[in-house]
Structures are given as structure tokens and as C-alpha cells.
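Asks: My questions will all concern the structure given below.
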Amino acid sequence: MIVTAEENVLVQGMTGRQGQYWTGRMLECGTRIVAGASPRRGGQEVHGLPVYDSAVDAAAEHRLDASVLFVPPGGARTAVVDAVEAGIGKIVCLAEHIPSHDVMEMLAVARDRGARVLGPNTAGLVVPGQTSVGIMPGFAANIFQPGNVGVISRSGSLGTLVAMNLVNDGFGQSAFIGIGGDPILGTTTSDALQSVRRHPGTDAVVIVGEIGGAMEEEAAELIADLGIPVVAFIAGRSAPPGRRMGHAGAIVTGNRGSGESKVEALTAAGATVVEIPSQVGPALRALGVEPRVPEAASALT
Amino acid sequence: MNLLEHQGKFWLKSAGLAVPRGELVTTAQAAADAAGALGGRVVCKAQVPAGKRGKAGAVQLVDTPDQAREVAERLLGSVVGGYRVEALLVEEAVDIARELYAAVLDDPVSKGPLVLFSTEGGMDIEEVNATTPELVHRLPLDVRDGIPLDGLERMLSATDLDAPAVTEVATAVRTLFGLYRDVDANLVEINPLVLTSAGAVVALDAKVSVDPGSVPRQEERLAALPGGQPDDPVTDLERRGRELGLQFIELDGDVGVLANGAGLTMTTLDAINHFGGRPANFLEIGGDAYTKATPALELVLSNPRVKSLLVNFCGAFARTDVMAEGVVNAIEELRPDLPIAFTIHGTGEEEAIALVRDRLGTEPYDLMDDAVQAAVSAARGATEEAAS
Numbered sequence: 007m008i009v010t011a012e013e014n015v016l017v018q019g020m021t022g023r024q025g026q027y028w029t030g031r032m033l034e035c036g037t038r039i040v041a042g043a044s045p046r047r048g049g050q051e052v053h054g055l056p057v058y059d060s061a062v063d064a065a066a067e068h069r070l071d072a073s074v075l076f077v078p079p080g081g082a083r084t085a086v087v088d089a090v091e092a093g094i095g096k097i098v099c100l101a102e103h104i105p106s107h108d109v110m111e112m113l114a115v116a117r118d119r120g121a122r123v124l125g126p127n128t129a130g131l132v133v134p135g136q137t138s139v140g141i142m143p144g145f146a147a148n149i150f151q152p153g154n155v156g157v158i159s160r161s162g163s164l165g166t167l168v169a170m171n172l173v174n175d176g177f178g179q180s181a182f183i184g185i186g187g188d189p190i191l192g193t194t195t196s197d198a199l200q201s202v203r204r205h206p207g208t209d210a211v212v213i214v215g216e217i218g219g220a221m222e223e224e225a226a227e228l229i230a231d232l233g234i235p236v237v238a239f240i241a242g243r244s245a246p247p248g249r250r251m252g253h254a255g256a257i258v259t260g261n262r263g264s265g266e267s268k269v270e271a272l273t274a275a276g277a278t279v280v281e282i283p284s285q286v287g288p289a290l291r292a293l294g295v296e297p298r299v300p301e302a303a304s305a306l307t
Numbered sequence: 013m014n015l016l017e018h019q020g021k022f023w024l025k026s027a028g029l030a031v032p033r034g035e036l037v038t039t040a041q042a043a044a045d046a047a048g049a050l051g052g053r054v055v056c057k058a059q060v061p062a063g064k065r066g067k068a069g070a071v072q073l074v075d076t077p078d079q080a081r082e083v084a085e086r087l088l089g090s091v092v093g094g095y096r097v098e099a100l101l102v103e104e105a106v107d108i109a110r111e112l113y114a115a116v117l118d119d120p121v122s123k124g125p126l127v128l129f130s131t132e133g134g135m136d137i138e139e140v141n142a143t144t145p146e147l148v149h150r151l152p153l154d155v156r157d158g159i160p161l162d163g164l165e166r167m168l169s170a171t172d173l174d175a176p177a178v179t180e181v182a183t184a185v186r187t188l189f190g191l192y193r194d195v196d197a198n199l200v201e202i203n204p205l206v207l208t209s210a211g212a213v214v215a216l217d218a219k220v221s222v223d224p225g226s227v228p229r230q231e232e233r234l235a236a237l238p239g240g241q242p243d244d245p246v247t248d249l250e251r252r253g254r255e256l257g258l259q260f261i262e263l264d265g266d267v268g269v270l271a272n273g274a275g276l277t278m279t280t281l282d283a284i285n286h287f288g289g290r291p292a293n294f295l296e297i298g299g300d301a302y303t304k305a306t307p308a309l310e311l312v313l314s315n316p317r318v319k320s321l322l323v324n325f326c327g328a329f330a331r332t333d334v335m336a337e338g339v340v341n342a343i344e345e346l347r348p349d350l351p352i353a354f355t356i357h358g359t360g361e362e363e364a365i366a367l368v369r370d371r372l373g374t375e376p377y378d379l380m381d382d383a384v385q386a387a388v389s390a391a392r393g394a395t396e397e398a399a400s
């Protein structure tokens with residue numbers, strides 16, 4: 007999922023402290039925010055934008071393409087269902103610690119209605135020079151610059167570091183997709199890989215993964231047919247083995263999930279896997295990728 | 013949050029699933045007494061939240077109260093899977109006709125609950141899945157619905173269980189699913205779920221893991237467990253970390269680490285290893301915990317093995333200026349006598365860097381790799397000096 011500067015964005019939870027602050031920062035990045043929604047706050051204004059009681063109410067007055075949720079974990083399920091009922095097709099769910107059964111329920115509701123969810127526990131999306139939806143520092147010129155590298159990251163803080171290293175090395179990003187750190191996610195690494203591949207101006211992809219789960223191994227299956235170079239970094243390869251109790255999870259993921267399994271799958275698929283984040287830029291160059299600002303992006307900045 | 017076996021069984025029993033009669037004991041004498049009361053032939057099971065207890069010798073079948081006493085003397089106080097054994101569950105031996113396997117868990121692939129069932133219980137189920145995957149049956153569910161009886165019976169009828177057993181097991185699996193939903197579990201796993209020669213279904217083991225994000229809304233139920241809310245941390249420092257609301261894992265190296273976000277923290281540990289050092293801890297102050305920099309630093313520094321400190325902040329949601337202020341306050345208060353390397357990027361970095369420079373007289377490193385190498389070589393120098 008990517009949100010462009012032409013798409014209308016709703017901010018759910020806009021009147022809260024974080025909602026107000028990040029609405030300002032997202033506007034600064036060029037995001038076309040048209041309204042907010044907060045229960046019982048309908049009629050207020052934030053940054054001059056109208057606030058409604060619900061996404062459904064906001065949708066009665068505005069065309070809404072995407073929504074970003076500044077909602078506490080206990081209210082996330084209700085807010086996502088509200089966004090789905092409002093007919094919004096792209097929903098960015100930032101909250102961490104949402105009960106897992108709520109996550110499964112809201113993803114099921116979204117799937118039934120054809121809405122896509124990014125997250126939960128994601129830092130959001132950035133198209134440098136165009137939009138920032140979420141809590142990434144899309145406004146920081148030393149971290150995000152228009153460019154030709156798509157970045158997919160489970161972690162916000164680590165994704166920020168990798169994005170910054172790219173800028174240090176002369177690269178910029180075509181898009182950054184934070185997919186989130188929860189075990190159950192609306193958008194997987196594979197889904198995000200397909201989105202950045204389709205996004206205009208992407209010449210290469212950087213996958214910032216983590217140990218655990220099997221999303222990187224699944225994504226590896228797509229790399230051979232991607233047609234553009236992939237560099238990957240997997241965090242946690244030196245971590246001591248986790249304290250695992252049941253075996254049911256391992257049955258679902260098989261012997262996948264470890265750092266070695268991910269590195270092996272990605273390498274076999276033709277990706278370059280680096281040891282530390284500062285090696286990402288040099289690895290891209292070694293694959294023949296040179297910095298380039300796509301025309302569409304340069305026209306906007 | 014992983015429950016101990018006896019806690020899981022407490023919930024299973026309340027939900028209506030049969031478990032063996034048993035008693036929780038903390039002394040060898042109590043183990044012998046319990047064995048006597050339960051008829052002599054009992055199973056003694058160490059209560060630690062670790063897997064593979066059988067292989068570790070922490071589950072022992074004995075025939076007499078004296079043997080139960082001997083086993084208890086050996087197990088109590090020993091360490092199994094990194095956990096000290098503080099209690100044993102002494103249970104009557106069950107007359108086993110057949111050992112089955114059943115689990116309900118959150119499935120990241122189908123994004124809903126998944127029921128797993130196998131007639132090959134009692135052994136390493138991962139091994140069964142690797143060698144004979146056709147014997148591990150899967151039933152993905154929609155979390156909004158209950159568990160469909162027809163689908164469940166169809167799955168069970170595809171095994172070699174006879175009709176009465178299918179009915180009994182179906183009831184048991186529905187009970188497991190009900191418990192999984194009621195307690196917001198990530199996992200309820202029974203291995204083995206046994207059929208007795210009389211045709212009854214009994215849970216001989218119980219692995220229940222409550223979703224960490226659901227702990228607030230399950231607080232009452234967790235507090236009512238025998239022994240109270242389960243206690244995962246292994247070390248005293250880890251326990252203190254949890255009391256502070258911080259995820260802290262003690263490691264055996266000498267470079268103390270303070271970073272924000274799990275991904276960046278893991279990467280910081282990877283980089284320390286990459287440059288030949290050894291991290292002393294995993295500690296992330298990401299998310300809302302970013303305001304807890306002061307107690308976090310106190311925790312890192314209370315580990316006597318720490319010889320240098322690496323502070324790596326990369327702010328997105330977490331504001332580096334807020335985190336840096338907490339750390340600088342803590343450093344001014346604690347005055348630690350060790351080298352500290354900072355590297356700070358992202359939201360609020362200009363203010364954060366100025367704060368560190370002005371109040372501590374230290375210049376943060378532009379590059380993370382340089383900060384990591386500085387902390388690694390400082391720790392190595394201090395360790396060599398101490399050795400000479």
C-alpha cells in the first residue's frame with residue numbers, strides 16, 4: 007500500500023495530543039489530509055480541518071481514500087471497522103499492543119470489504135517529497151529524499167536508520183513502507199514488495215527484516231521474478247534464542263523464522279544480504295544501482 | 013505471557029476439560045505426601061515456563077511416595093531451560109490408551125485462529141510435522157465465528173479415530189477454542205491430549221500463552237490464577253525491568269546498550285557483535301516507553317559487567333530530544349565512571365545532540381558504526397586493564 011499526494015486522507019483520533027502533533031507534521035510533508043474523526047469531537051477543527059464524530063460521518067462530506075489511526079490499542083478494532091464501513095480502501099493502523107484477537111477480527115472485517123490495512127504497530131508510509139502517513143520523520147531532509155530505492159521495514163526506528171544511511175550514501179527513496187512489528191499484519195513483506203515494485207521510479211528494493219515469523223522467506227519467493235535488485239538486512243541475527251514454549255508456532259512456520267533461514271532464502275533468491283545497515287548503500291552500488299531522482303518526484307520538489 | 017502448566021490446567025478444568033488429579037508442592041516431603049494421597053504411582057513435573065521438559069528430565073514417572081521424594085529433592089532448586097524449579101506438580105498416573113495432540117493458536121498466514129490436531133501426540137510434534145505432515149491436520153477459522161462442529165468433525169473423521177472418540181475429542185477441541193477466545197490466548201496447546209481406556213479425554217499437559225497486548229483486559233483473570241500472574245523474567249535485573257515496564261534481557265557481554273525500538277536495538281546488538289564486541293543487555297525504550305530513559309539507564313548501569321555504554325537513538329515516533337534529556341539527567345545524577353558513546357538521529361536530533369554536547373561535554377558520533385566501534389574498544393580496553 008502506498009498513499010500518493012493526490013489521495014485524500016482522514017486522521018482518526020485527530021484531536022488527541024499525538025493526533026494533533028502528527029497531523030501538522032504530515033501536512034508539512036505534503037499529505038492531503040482533508041478531515042479528522044474523533045468520537046464526540048465532531049464540529050471541532052484541528053489545523054483548520056473539520057473533525058467528525060466518526061469516519062462514516064466524515065465520508066458523508068468528503069471523498070476519502072486513506073485513513074491513519076492515532077487511536078489507543080483498546081479502540082483500534084472499532085476505529086478500523088468504522089474506516090471500513092466508511093468505504094475507505096487504505097487503512098494505516100499505528101497502535102502497538104492491540105489485543106491479537108482484535109487484530110484478527112479487524113483484518114477479517116477489512117478483507118470482507120476489500121479494504122487493505124497497513125500494520126498494526128507500523129510507523130507508516132513515506133513517499134519523499136509527496137506524502138508521509140504515520141509517524142515516520144518524512145519531514146527530515148537528512149533521512150528522506152526523493153529517489154529510486156523502495157524501502158520495506160518492519161521496524162520504524164531501524165527503518166529510519168536505513169533510510170538515513172541511504173541518504174548519506176547519496177540515494178533517495180521512491181517509497182518507504184513500514185509494515186509493522188506485530189506477528190499478525192494486514193500487509194506482509196510480500197504485499198509491500200509488490201506495492202513498491204509497481205510504484206513508479208523504483209529501481210531497487212531494500213528489505214529490512216527481523217528474526218521471527220516467515221514473512222522474509224515468503225517474500226524471497228517473489229524476488230527472482232521482480233526484475234530489479236534487492237538488498238536485505240535482517241535484524242537480530244546475533245540474538246540469543248528466544249524463550250519459546252509451545253511448538254504449534256513452529257509447526258506453522260516450519261524451520262523458518264531464524265536469521266539463518268531468512269538469509270539463506272533471500273540469498274538463494276538472488277538478494278544481497280548485508281551484515282550491518284551501513285553496508286546497504288555500497289551493496290546497492292555493487293549491484294549497479296546508482297542514485298536517480300525519478301522525474302515525477304523531481305517535478306514535485 | 014506464558015502460564016505454568018498447573019495454571020493452564022486450572023483454566024482448562026474451569027472450562028470443563030478433564031485434567032489428572034494433582035497437587036502443587038514446593039518441598040520433597042510434600043511431594044511424598046501428595047504421591048501417597050494420589051495412590052503412589054504419580055508423575056512429578058517441574059513447573060517452569062520452558063518447553064521440552066521431558067527431554068530435560070524434568071518430568072518423572074515414579075511408583076512410590078519414597079521415589080517421589082527422591083525425584084523432588086533432585087528437581088526442586090535445579091535449573092530447567094534457564095528457569096529455577098520452585099514447584100512441582102504431582103499428578104496421578106493416567107491409564108493411557110492413546111496420545112493425541114491438539115492446539116489452537118493465532119496464525120499469521122491465515123490471519124485468524126488455527127486449530128491443529130494430530131493422532132501422533134506425546135512426542136515431538138515438530139518432528140511429526142517434518143516427517144509425516146499428513147498426520148498434522150489444520151483447520152483455519154474466522155475469529156468472529158465459533159468453531160464449526162461439522163468442519164471439526166470432518167477433520168477428526170479423516171483420522172483413524174472411531175466415532176465415539178471423534179465425538180469426545182470434538183467436544184474437547186471446542187472447549188480449547190472457547191478457552192483460547194475467553195482468555196485472549198495466542199496459544200493453547202495440549203500434548204498429549206489422551207484417550208483413556210474408558211474412552212474419556214484428559215489433558216496431560218497444558219501450554220497456554222496469553223497475548224501480551226491483552227494482559228490489561230485479562231488482568232482480573234490472571235490475578236486469580238493459583239500463584240498469581242505468571243512471572244517470565246529469569247534474573248533479578250529482568251524482574252526489575254518488568255516492574256518498570258521495560259523489556260530488559262540480560263546478556264553476558266560488557267557493552268551496555270540503550271536504544272529505542274526493538275528493531276534498532278537488535279541491530280545495535282548485531283553491530284556490536286559485528287565489530288568484535290559483546291553486548292551486556294537487550295533493552296528497548298521504544299513506543300510509549302521512550303519517556304523512561306532515566307530508569308532504563310539505571311537498570312543498564314546496575315549490571316556490574318558493563319564496561320562501556322552505547323546510546324543509539326533513531327527517532328520516528330519516539331522523540332530523541334525527550335530520550336536524550338532522560339539519559340542526560342540520569343548520567344548527571346548517577347555519574348557513571350565509564351566511557352559513553354552516543355549516536356542520535358531522527359525526530360528531535362538537533363536538540364538532542366546539542367543537549368548531550370552542552371551538558372555532558374560529549375560529541376555524539378555522526379555514524380552508528382563509529383559509535384559502536386568506540387564503545388566496543390572502550391569496553392575491551394577496560395576489561396584488559398582489569399585483567400592486567
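One line per chain: the protein sequences are A and B, in this order.
Remember, our numbering sits 6 above the position in the first sequence when you count from 1.
Remember, our numbering sits 12 above the position in the second sequence when you count from 1.
All C-beta atoms, glycine included, are put in the ideal place defined by N, C-alpha and C.
Would you please verify whether the beta carbon of residue 285 of chain B is less than 8 Å from any beta carbon of chain A?
Replies: Here residue 285 of chain B refers to the residue found at position 273 when the second sequence is read from its first residue. It does; some Cβ of chain A falls within 8 Å.
Asks: Kindly say whether residue 123 of chain B, judged by its beta-carbon, lies nearer than 8 Å to any beta-carbon of chain A.
Replies: As a working mapping, residue 123 of chain B is identified with position 111 in the second sequence. Yes, residue 123 of chain B lies at the interface with chain A (some Cβ there is under 8 Å from its Cβ).
Asks: Which residue spans inside the region 64-129 of chain A form an unbroken beta strand (DSSP E) run of at least 3?
Replies: 72-75, 96-99 and 122-124
Asks: Give the interface partners of residue 166 of chain A over in chain B, defined as CB-CB distance under 9 Å, in chain order.
Replies: As a working note, residue 166 of chain A is residue 160 in the first sequence. Counting only Cβ-Cβ distances below 9 Å, residue 166 of chain A has contacts in chain B at 273, 276, 326, 327, 328, 357, 358 and 359, in chain order.
Asks: Could you work out which residue in B/165, B/170, B/396 and B/155 is closest to residue 193 of chain B when comparing CA atoms only?
Replies: Mapped onto the second sequence, residue 193 of chain B falls at position 181. Among B/165, B/170, B/396 and B/155, the Cα nearest to that of residue 193 of chain B belongs to B/155.
Asks: Could you give the residue range of the alpha helix (DSSP H) that holds residue 286 of chain B?
Replies: Taking the second sequence and counting its residues from 1, one reaches residue 286 of chain B at position 274. Start and end: 274-286.
Asks: Under the DSSP definition of a beta bridge, which residues are partnered with residue 403 of chain B?
Replies: Residue 403 of chain B is absent from the model: chain B starts at 13 and stops at 400.
Asks: In chain order, which alpha helix (DSSP H) runs of at least 4 residues are fully inside the region 141-200 of chain B?
Replies: 161-169 and 175-194
Asks: Applying a beta-carbon distance threshold of less than 8 Å, which residues of chain B neighbour residue 141 of chain A?
Replies: Residue 141 of chain A sits at position 135 when you count from the first residue of the first sequence. Under the 8 Å cutoff, chain B gives 328 and 329.
Asks: According to a CB-to-CB cut-off of less than 7 Å, which residues of the region 100-113 of chain A neighbour chain B?
Replies: 102, 103, 104, 105, 106, 107, 110, 111 and 113
Asks: What would DSSP say about residue 260 of chain B, mapped onto helix, strand or coil?
Replies: Residue mapping note: residue 260 of chain B aligns to position 248 of the second sequence, counting from 1. Looking at residue 260 of chain B - three-state DSSP - the assignment turns out to be strand.
Asks: Going by C-alpha to C-alpha distance, which of B/371, B/241 and B/288 sits closest to residue 244 of chain A?
Replies: For the purposes of this step, residue 244 of chain A is taken as the residue at position 238 of the first sequence. Cα-wise, what sits closest to residue 244 of chain A is B/288.
Asks: With 16 as the cutoff for other CB atoms within 10 Å, does residue 148 of chain A come out buried or exposed?
Replies: In the first sequence, the residue the question calls residue 148 of chain A occupies position 142. Counting C-beta atoms within 10 angstroms of its own C-beta, residue 148 of chain A has fewer than 16 neighbours from the protein chains shown and is therefore classed as exposed.
Asks: Counting only Cβ pairs nearer than 8 Å, list the residues of chain B close to residue 225 of chain A.
Replies: On the first sequence, residue 225 of chain A is found 219 positions in, with the first residue counted as 1. Within 8 Å Cβ-Cβ: nothing; residue 225 of chain A doesn't reach chain B, min ~13 Å.
Asks: Which residue from A/28, A/152, A/85 and A/294 puts its Cα closest to that of residue 300 of chain A?
Replies: Within the first sequence, the letter at position 294 stands for residue 300 of chain A. Of the candidates A/28, A/152, A/85 and A/294, the one whose C-alpha sits nearest the C-alpha of residue 300 of chain A is A/152.
Asks: Which residues in chain A have a C-beta closer than 7 Å to the C-beta of residue 120 of chain B? List them in chain order.
Replies: Within the second sequence, residue 120 of chain B is the residue found at index 108, counting from 1. Correct list: 189, 190 and 219.
Asks: Which residues in chain A have a C-beta closer than 9 Å to the C-beta of residue 163 of chain B? List them in chain order.
Replies: Here residue 163 of chain B corresponds to residue number 151 of the second sequence, with the count starting at 1. Here the premise fails: no neighbours, minimum Cβ distance about 17 Å.
Asks: According to DSSP, is residue 9 of chain A helix, strand or coil?
Replies: Residue numbering aside, residue 9 of chain A sits at position 3 when the first sequence is read from its first letter. It is coil, neither helix nor strand.
Asks: How would you call residue 247 of chain B, buried or exposed, if buried means at least 16 neighbouring beta carbons within 10 angstroms?
Replies: As a first step, residue 247 of chain B must be located in the second sequence, where it is residue number 235. Classification of residue 247 of chain B: exposed, given that the 10 Å Cβ count is below 16.
Asks: Within 10 angstroms of its Cβ, does residue 65 of chain B collect 16 or more other Cβ (buried), or is it exposed?
Replies: Taking the first residue of the second sequence as position 1, residue 65 of chain B is located at position 53. Label assigned to residue 65 of chain B: buried.
Asks: Quick check on the DSSP output: what are the complete alpha helix (DSSP H) runs of length 4 or more inside the region 52-135 of chain B, in order along the chain?
Replies: 77-87
Asks: I'd like the span of the alpha helix (DSSP H) that includes residue 281 of chain A, first residue to last.
Replies: Here residue 281 of chain A corresponds to residue number 275 of the first sequence, with the count starting at 1. Premise fails: residue 281 of chain A is in no alpha helix (DSSP H) and is neither H nor E.
Asks: In angstroms, rounded to a whole number, what distance separates the CA positions of residue 30 of chain A and residue 112 of chain A?
Replies: For the purposes of this step, residue 30 of chain A is identified with residue 24 of the first sequence, where counting begins at 1. For the purposes of this step, residue 112 of chain A is identified with residue 106 of the first sequence, where counting begins at 1. Going from the Cα of residue 30 of chain A to the Cα of residue 112 of chain A covers about 28 Å.
Asks: Do you know offhand how far residue 180 of chain A's Cα is from residue 209 of chain A's?
Replies: On the first sequence, position 174 is the one that residue 180 of chain A refers to. On the first sequence, position 203 is the one that residue 209 of chain A refers to. Near 8 Å, if we compare the C-alpha coordinates of residue 209 of chain A and residue 180 of chain A.
Asks: Figure out for me which residue from B/297, B/133, B/150 and B/204 has the closest Cα to the Cα of residue 30 of chain B.
Replies: Your numbering for residue 30 of chain B matches position 18 in the second sequence. Of the listed residues, the one whose Cα sits closest to residue 30 of chain B is B/204.
Asks: Assuming residue 269 of chain B and residue 291 of chain B are in contact, meaning their beta carbons sit under 8 Å apart, how far apart are those beta carbons, in whole angstroms?
Replies: Sequence index remark: in the second sequence, residue 269 of chain B carries index 257 (1-based). Sequence index remark: in the second sequence, residue 291 of chain B carries index 279 (1-based). Going by Cβ atoms, the distance from residue 269 of chain B to residue 291 of chain B rounds to 5 Å, so yes, they are a contact pair.
Asks: For the region 118-129 of chain A, which residues have a beta carbon sitting closer than 8 Å to at least one beta carbon of chain B?
Replies: 129
Asks: Verify the CB distance criterion: does residue 309 of chain A have a CB-CB separation below 8 Å to chain B?
Replies: In the structure displayed, chain A extends from 7 to 307; residue 309 of chain A sits before or after that span and is not available.
Asks: Rounded to a whole number of angstroms, what is the C-alpha to C-alpha distance between residue 158 of chain B and residue 177 of chain B?
Replies: What you label residue 158 of chain B is simply residue 146 of the second sequence in a count that begins at 1. What you label residue 177 of chain B is simply residue 165 of the second sequence in a count that begins at 1. Taking C-alpha positions only, residue 158 of chain B is separated from residue 177 of chain B by approximately 21 Å.
Asks: Ignore the nearest five residues each way along the sequence and tell me which others in residue 333 of chain B's own chain have a CB closer than 6 Å to its CB.
Replies: As a working note, residue 333 of chain B is residue 321 in the second sequence. Same-chain partners within the cutoff: 360, 363 and 364.
Asks: Can you pull the chain B neighbours of residue 7 of chain A, defined as C-beta to C-beta under 8 Å?
Replies: Here the question's residue 7 of chain A lines up with position 1 in the first sequence. Within chain B, no residue comes near residue 7 of chain A; the closest Cβ sits about 16 Å away, beyond 8 Å.
Asks: Residues in the region 61-88 of chain A with C-beta within 7 Å of chain B's C-beta atoms, listed in sequence order?
Replies: 79
Asks: For residue 39 of chain A, list the residues DSSP reports as bridge partners.
Replies: The residue given as residue 39 of chain A occupies position 33 in the first sequence. Paired residue(s): A/15.
Asks: Are the beta-carbon atoms belonging to residue 124 of chain A and residue 192 of chain A less than 8 Å from one another?
Replies: By 1-based counting over the first sequence, the position of residue 124 of chain A is 118. By 1-based counting over the first sequence, the position of residue 192 of chain A is 186. The answer is yes: Cβ separation under 8 Å.
Asks: Taking a contact to mean a Cβ-Cβ separation below 8 Å, would you say residue 59 of chain A touches residue 78 of chain A in this structure?
Replies: As a position in the first sequence, residue 59 of chain A is number 53, starting the count at 1. As a position in the first sequence, residue 78 of chain A is number 72, starting the count at 1. It is not a contact, given that the beta carbons lie outside the stated cut-off.
Asks: For the alpha helix (DSSP H) containing residue 304 of chain B, list its first residue and its last residue.
Replies: As a first step, residue 304 of chain B is located in the second sequence; it is residue number 292 there, counting from the start. Following the DSSP letters along the chain, one finds residue 304 of chain B in no alpha helix (DSSP H), marked with neither H nor E.
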